[in-house]
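Novice: So in the UniProt record's numbering, spot 366 of the sequence shown is number 380, and the numbers just go up one at a time. Where is the CB? At the ideal position from N, CA and C, for every residue including glycine.
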Amino acid sequence: KYSLAERVKTLTPSSTLAITAKAKELKASGIDVIGLGAGEPDYNTPENILKAAAESMEAGFTKYTPAGGLPELKNAIIAKLERDQKLTYKPSEIMVGVGAKHVLYTLFQVILNPSDEVIIPIPYWVSYPEQVKLAGGTPVFIEGTKEQEYKVTAEQIRSAITEKTRALIINSPSNPTGMIYSEEELKQIADVCKEADIWVISDEIYEKLVYNNAKHVSIAQLSDDAKERTLIINGVSKSHSMTGWRIGYIAGDETIVKAMTDLASHSTSNPVTTSQYAAIEAYNGPQDAVEEMRRAFESRLKEIYPKVAAIPGFNVLRPQGAFYLLPEVREAAEKTGYTSVDDFAQALLEEANVAVIPGSGFGSPDTIRLSYATSLDLIEKAVKRIDEFVKTKW
Ligand code: PLP
Numbered sequence: 015k016y017s018l019a020e021r022v023k024t025l026t027p028s029s030t031l032a033i034t035a036k037a038k039e040l041k042a043s044g045i046d047v048i049g050l051g052a053g054e055p056d057y058n059t060p061e062n063i064l065k066a067a068a069e070s071m072e073a074g075f076t077k078y079t080p081a082g083g084l085p086e087l088k089n090a091i092i093a094k095l096e097r098d099q100k101l102t103y104k105p106s107e108i109m110v111g112v113g114a115k116h117v118l119y120t121l122f123q124v125i126l127n128p129s130d131e132v133i134i135p136i137p138y139w140v141s142y143p144e145q146v147k148l149a150g151g152t153p154v155f156i157e158g159t160k161e162q163e164y165k166v167t168a169e170q171i172r173s174a175i176t177e178k179t180r181a182l183i184i185n186s187p188s189n190p191t192g193m194i195y196s197e198e199e200l201k202q203i204a205d206v207c208k209e210a211d212i213w214v215i216s217d218e219i220y221e222k223l224v225y226n227n228a229k230h231v232s233i234a235q236l237s238d239d240a241k242e243r244t245l246i247i248n249g250v251s252k253s254h255s256m257t258g259w260r261i262g263y264i265a266g267d268e269t270i271v272k273a274m275t276d277l278a279s280h281s282t283s284n285p286v287t288t289s290q291y292a293a294i295e296a297y298n299g300p301q302d303a304v305e306e307m308r309r310a311f312e313s314r315l316k317e318i319y320p321k322v323a324a325i326p327g328f329n330v331l332r333p334q335g336a337f338y339l340l341p342e343v344r345e346a347a348e349k350t351g352y353t354s355v356d357d358f359a360q361a362l363l364e365e366a367n368v369a370v371i372p373g374s375g376f377g378s379p380d381t382i383r384l385s386y387a388t389s390l391d392l393i394e395k396a397v398k399r400i401d402e403f404v405k406t407k408w
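1. Can you list, in chain order, the residues of its chain with a C-beta nearer than 6 Å to that of residue 282? Leave out the 5 residues immediately preceding and following it.
2. At which residue ranges does the stretch 85–165 contain complete alpha helix (DSSP H) runs of 4 or more residues, listed in the order of the chain?
3. What residues does the ligand PLP have around it, judged by CB closer than 6 Å to any heavy atom, in chain order?
4. By how many angstroms is the C-alpha of residue 296 removed from the C-alpha of residue 237?
5. For residue 362 and residue 33, what's the separation of their Cα atoms in angstroms?
6. As an exercise, report each continuous alpha helix (DSSP H) stretch of at least 4 residues that is fully enclosed by the stretch 221–268, in chain order.
7. Mind checking residue 47: buried by the 16 CB within 10 Å criterion, or exposed?
8. How long is the line joining the alpha carbons of residue 346 and residue 352, rounded to whole angstroms?
9. Of the choices 299, 259, 268, whose alpha-carbon is the least far from that of residue 244?
10. Within 8 Å, do at least three Cβ pairs link the stretch 95–102 to the stretch 120–138?
11. Figure out for me which residue from 310, 147, 82, 313 has the closest Cα to the Cα of residue 270.
12. DSSP three-state call for residue 382: helix, strand or coil?
13. To the nearest angstrom, how far is the alpha carbon of residue 93 from that of residue 358?
14. According to the neighbour-count rule (16 or more other Cβ atoms, all chains shown, within 10 Å of its Cβ), is residue 45 buried or exposed?
15. Using a Cβ distance threshold of 8 Å, determine whether the stretch 387–398 contacts the stretch 165–184, with at least three qualifying pairs required.
16. On a Cα-Cα basis, can you pick out the residue from 80, 208, 75, 225 that is closest to residue 280?
17. Which of the three DSSP states, helix, strand or coil, is assigned to residue 320?
18. Between the Cα of residue 147 and the Cα atoms of 133, 159, 137, 157, which residue gives the shortest distance?
19. Residue 385 and residue 52: beta carbons closer than 8 Å?
20. State yes or no: is the C-beta of residue 219 within less than 8 Å of the C-beta of residue 258?
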């Protein structure tokens, strides 16, 4: 009776959430820990969105909604995709779920049969492989090395494709690397996916966080074929600082969207009603706050990047988007007496009191992930602590 189901026996809990929890625990016990682990903007949700949510509750909109989201929210998402990506979707091609994470979870549940393969570029967002496995699928990894700016090539994808391949995941801008695929790179990838006739899952959650005039292009924008085979995943978490509201969506193939909606009707019933009203305002209301936050992240990156790059034994590319730095720190770890970067990250937390995420959770065991979604003051203090820690132990 106490034996757990096979499917959860090999489940690795989210390393991101685990470190953040440990850092909070240390903080609660009075230790001055600075958390660079966060995967969420440090700003409050913009006022107009809070107000819209409150008004919806007062107006009595506190009941169930359609399983795949309110028609008004689907329309707001359709307008957003038209405005930002020049892509046209019908309401039947949109499903709103409980955050992009749960939308992805639901997607894998409806497209994968046992041993179906999904190609996942390394470094990857922690949840992709686990979600694929939970759906009975097999993650197939290909590595975007540092020399390739952590991006995979069309050639690598071609070599990884088998007759069991169902989908490729592209996450641009990427968590954890901050890298962005160019239009040309995406074109080549789209060609390979067309040749093999596989789905492209395009996780665009960091779309709005791009710096230095970098441009986000959705692979779905490249051709009619690319649009048909792309399943866009996005949401309000990172763009509108709404991580806790849990609203994400998929835009793409009607049959998949219908199956996902049917599944949701038996699992979530619907995304939280109040959050849906908030998201309608997020997409239909003024977008100034989105740009303000983007600028703040950009100026933090400008300040912090050279300082991280100057830490002995740290080797870091300048990211183009999202809010993470992914230095390779193998040398720093070894020179300070640690055999693994995991141990080094643990020591940074316990001795330097800075919480960072070890890259092993992203399939990139030589790296650590530093989030700059926290005040510049704190980031600078944290980087100074890391720098001193490394220099003292070297
Ligand atoms: N995709 C990536 C790459 C992410 O980093 C995250 C959040 O950390 C998500 C999806 C999920 O976002 P949410 O579930 O908050 O919409």
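Specialist: Working from what's here:
1. As a first step, residue 282 is located in the sequence shown; it is residue number 268 there, counting from the start. 112.
2. 85–99, 113–125, 141–148
3. Ordered by chain, the residues meeting the criterion of a beta-carbon within less than 6 Å of a non-hydrogen atom of the ligand PLP are 53, 113, 114, 115, 139, 185, 189, 217, 219, 249, 251, 257, 262.
4. As a first step, residue 237 is located in the sequence shown; it is residue number 223 there, counting from the start. As a first step, residue 296 is located in the sequence shown; it is residue number 282 there, counting from the start. Approximately 28 Å between the Cα atoms of the pair.
5. By 1-based counting over the sequence shown, the position of residue 362 is 348. By 1-based counting over the sequence shown, the position of residue 33 is 19. Answer to the nearest angstrom: the Cα atoms are 12 Å apart.
6. Entirely contained in the stretch 221–268, the alpha helix (DSSP H) runs reaching 4 residues are, in chain order, 238–243.
7. Translated into the one-based positions of the sequence shown, residue 47 becomes position 33. Counting every other CB atom within 10 Å of its CB across the protein chains shown gives residue 47 a total of 16 or more, marking it as buried.
8. Residue mapping note: residue 346 aligns to position 332 of the sequence shown, counting from 1. Residue mapping note: residue 352 aligns to position 338 of the sequence shown, counting from 1. Taking the straight line from one Cα to the other gives about 9 Å.
9. Here residue 244 refers to the residue found at position 230 when the sequence shown is read from its first residue. That would be 268, whose Cα lies nearest to the Cα of residue 244.
10. By the Cβ rule, the stretch 120–138 does not count as touching the stretch 95–102, because fewer than three pairs are nearer than 8 Å.
11. Mapped onto the sequence shown, residue 270 falls at position 256. Closest option to residue 270, Cα to Cα, is 82.
12. On the sequence shown, position 368 is the one that residue 382 refers to. The answer is strand: DSSP assigns residue 382 an E or B state.
13. To locate residue 93, count along the sequence shown from 1; it is residue 79. To locate residue 358, count along the sequence shown from 1; it is residue 344. Going from the Cα of residue 93 to the Cα of residue 358 covers about 46 Å.
14. To locate residue 45, count along the sequence shown from 1; it is residue 31. Flag for residue 45 reads exposed.
15. no
16. Your numbering for residue 280 matches position 266 in the sequence shown. Among 80, 208, 75, 225, the Cα nearest to that of residue 280 belongs to 80.
17. Counting from 1 along the sequence shown, the entry for residue 320 is found at position 306. Of the three classes helix, strand and coil, the one that applies to residue 320 here is helix, per DSSP.
18. Taking the sequence shown and counting its residues from 1, one reaches residue 147 at position 133. Looking at the Cα atoms, 133 is the closest of the given residues.
19. Counting from one through the sequence shown, the residue named residue 385 turns up at place 371. Counting from one through the sequence shown, the residue named residue 52 turns up at place 38. The answer is yes: Cβ separation under 8 Å.
20. Residue 219 sits at position 205 when you count from the first residue of the sequence shown. Residue 258 sits at position 244 when you count from the first residue of the sequence shown. Not closer than 8 Å, so no.
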